[in-house]
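Numbering (this note's numbering), first residue to last: 1 to 605. Structure record follows, encoded as structure tokens.
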Ligand code: SF4
């Protein structure tokens, strides 16, 4: 096959058996690989009502259909399964270098079921797979685990692993690769831990076949200038920290647990762009596999309270937003150190930053005592105390052991009165983009199968080449189209920054070169709608309906000051329009038979 090798590996960790299966081109065309194919497979193979930490939950790793083919910018792999954090469908998307290596190791998709009796890692090399005991790695941090495995198998292999947080089944545990690139959302690191699986190691050099390499080279050459324009060039220079200054000044970023604006931020009068400050800490650039943008970087804080242990991945915008303005913290060095601590222990920086906001506000208002914090005086703007709190969360110590189980566990411990400080949807912490700045983000945060995600489609971050429709329900149609396209392109393995730059009308040409198939842009829309609704249907079968859950009222406004002062987000009205677009019953949220038939997924109902 072209683009993929058409192989799926199923591993039963309970009895140590392996099954290799063929995946047809038809399945790839319908679900696009990645979590799209994953949603279809899990709907067929597991009970969505199973507990997320039960051996019956299936954890999947999958490369996108285009991952590693040389199509712009296709580096991504995805992890999927039932989420212990939200209780529904979970997926998480990551770049780095593992996706292509999975294909070169012989499998585009790996499904893991059951539970090993003792800690193991899975080693896959050119079609051969084995489970290898690893008591010696259990309890080690993600950096050590990856170093150990790369030492053993050589630098050419790729590793995805969990830290101690995942082993302990911490609700917001993520999965690390390249010592700090993360499949962080949905708590899927905890699912890995529940299976006693420390790591996945992939190795090999099986070629990824391309139908017409010359044609692909021509297309890449033709479109290379697209990635040299101002936006990608700035992204290459600064990384996602380029968004920080704009976000805090325009009202995109949250302040003080989403309660205020830049007015209370200590760094509001900074004359130097924060991205410049961070650039001074950067000593090395980093690119995911085959990416012409190369937005990553390695930084080092050489001394002081936030000294990093050598070079670390530069904190991304979301990490900066949640540990920065959200906590009224303007210390850029501390953001790098907080990123390192989360990466090392294996926890999601977004939900962790949100939990810090919850804890500080609860402490400030007397719901959490100094005794409960182990002597820490939790306070806004105090970067050193924030670091100590995050270390406690990572190490599962004292108050950290409660917070590490997420917002719901914290409310249970510290009282229902603290719920008003929870800025999360279904236990998943809110990312650093404020719906008062971009209203339909609230709709994505609320209705997507994996809630509180900024990478699941919205009109503010519309895909390149998309033209907003006109007319009465233009916003709702625009939202639906972008949700569909985001799911399609993400499942294909494209990076969100790639499809923010690269006009998707060019993609059919790439398909013709890569595998010889004919695509229309409508095909992407249809596949994306299919993936979106399949994930939604997984949730319905798991007993999760978004309308049974509340959205944090504070995030819908109004703010007392700042650029978005007074804005109120009309979430209820938007939800009604959204449900019409996807033909969902307003009460049960079951999609109408007609749309399921159009998308050829009625058999999943
Ligand atoms: S744009 Fe950045 S995150 Fe996306 S693939 Fe390139 S280096 Fe990775």
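Just so it is clear, CB atoms sit at the ideal spot from N, CA and C, and this is done for glycine as well. Note that the structure is a prediction, hence the values are computed from the model and not measured.
Determine the extent of the alpha helix (DSSP H) in which residue i is found, giving its start and end residues.
{"i": "residue 385", "result": "383-395"}
{"i": "residue 581", "result": "571-581"}
{"i": "residue 519", "result": "No alpha helix (DSSP H) holds residue 519; DSSP gives it neither H nor E."}
{"i": "residue 268", "result": "Looking at the DSSP string, residue 268 is not in any alpha helix (DSSP H), and its letter there is neither H nor E."}
{"i": "residue 59", "result": "Note, residue 59: premise wrong, no alpha helix (DSSP H); beta strand (DSSP E) at 59-63."}
{"i": "residue 443", "result": "440-447"}
{"i": "residue 143", "result": "142-153"}
{"i": "residue 461", "result": "Unbroken run through residue 461: none, as it is neither H nor E."}
{"i": "residue 234", "result": "230-238"}
{"i": "residue 319", "result": "317-323"}
How big is the Cα-Cα spacing for residue i and residue j?
{"i": "residue 77", "j": "residue 212", "result": "24 Å"}
{"i": "residue 51", "j": "residue 282", "result": "43 Å"}
{"i": "residue 29", "j": "residue 392", "result": "46 Å"}
{"i": "residue 415", "j": "residue 363", "result": "12 Å"}
{"i": "residue 320", "j": "residue 389", "result": "16 Å"}
{"i": "residue 592", "j": "residue 584", "result": "6 Å"}
{"i": "residue 288", "j": "residue 371", "result": "44 Å"}
{"i": "residue 616", "j": "residue 169", "result": "The question about residue 616 has no answer here: the residues shown for the chain are numbered 1 through 605."}
{"i": "residue 409", "j": "residue 402", "result": "7 Å"}
{"i": "residue 602", "j": "residue 275", "result": "48 Å"}
{"i": "residue 251", "j": "residue 158", "result": "39 Å"}
{"i": "residue 572", "j": "residue 579", "result": "11 Å"}
{"i": "residue 318", "j": "residue 349", "result": "8 Å"}
{"i": "residue 368", "j": "residue 486", "result": "40 Å"}
{"i": "residue 453", "j": "residue 378", "result": "27 Å"}
{"i": "residue 335", "j": "residue 323", "result": "7 Å"}
{"i": "residue 269", "j": "residue 384", "result": "22 Å"}
{"i": "residue 599", "j": "residue 48", "result": "21 Å"}
{"i": "residue 424", "j": "residue 443", "result": "13 Å"}
{"i": "residue 58", "j": "residue 280", "result": "43 Å"}
{"i": "residue 286", "j": "residue 297", "result": "5 Å"}
{"i": "residue 98", "j": "residue 144", "result": "18 Å"}
{"i": "residue 606", "j": "residue 353", "result": "Residue 606 cannot be examined here, being either before or after the span of the chain that is shown, 1 to 605."}
{"i": "residue 46", "j": "residue 192", "result": "16 Å"}
{"i": "residue 498", "j": "residue 73", "result": "5 Å"}
{"i": "residue 360", "j": "residue 340", "result": "21 Å"}
{"i": "residue 210", "j": "residue 314", "result": "34 Å"}
{"i": "residue 654", "j": "residue 198", "result": "The question about residue 654 has no answer, for the chain in this structure spans 1 to 605."}
According to DSSP, residue i sits in a beta bridge with which residue or residues?
{"i": "residue 121", "result": "132 and 199"}
{"i": "residue 21", "result": "8"}
{"i": "residue 93", "result": "78"}
{"i": "residue 33", "result": "64"}
Hey, could you find the ends of the beta strand (DSSP E) residue i is sitting in?
{"i": "residue 433", "result": "First-last for residue 433: undefined, no H or E at that position."}
{"i": "residue 510", "result": "Where residue 510 is concerned, there is no enclosing beta strand (DSSP E), although the alpha helix (DSSP H) it sits in stretches over 507-514."}
{"i": "residue 113", "result": "109-113"}
{"i": "residue 159", "result": "158-161"}
For residue i, which three-state DSSP category applies?
{"i": "residue 103", "result": "helix"}
{"i": "residue 490", "result": "helix"}
{"i": "residue 273", "result": "coil"}
{"i": "residue 296", "result": "strand"}
{"i": "residue 347", "result": "strand"}
{"i": "residue 376", "result": "coil"}
{"i": "residue 253", "result": "coil"}
{"i": "residue 285", "result": "strand"}
{"i": "residue 504", "result": "helix"}
{"i": "residue 175", "result": "strand"}
{"i": "residue 182", "result": "strand"}
{"i": "residue 424", "result": "strand"}
{"i": "residue 591", "result": "strand"}
{"i": "residue 260", "result": "strand"}
{"i": "residue 137", "result": "coil"}
Label residue i either buried or exposed according to how many other C-beta atoms from any shown protein chain fall within 10 Å of its C-beta, with 16 as the threshold for buried.
{"i": "residue 32", "result": "buried"}
{"i": "residue 303", "result": "exposed"}
{"i": "residue 426", "result": "buried"}
{"i": "residue 263", "result": "exposed"}
{"i": "residue 101", "result": "buried"}
{"i": "residue 113", "result": "buried"}
{"i": "residue 126", "result": "exposed"}
{"i": "residue 246", "result": "exposed"}
{"i": "residue 433", "result": "buried"}
{"i": "residue 39", "result": "buried"}
{"i": "residue 609", "result": "No answer is possible for residue 609: the residues shown for the chain start at 1 and end at 605."}
{"i": "residue 505", "result": "exposed"}
{"i": "residue 688", "result": "An answer regarding residue 688 cannot be provided, because it is not within the stretch 1 to 605 covered by the chain."}
{"i": "residue 186", "result": "buried"}
{"i": "residue 366", "result": "exposed"}
{"i": "residue 272", "result": "exposed"}
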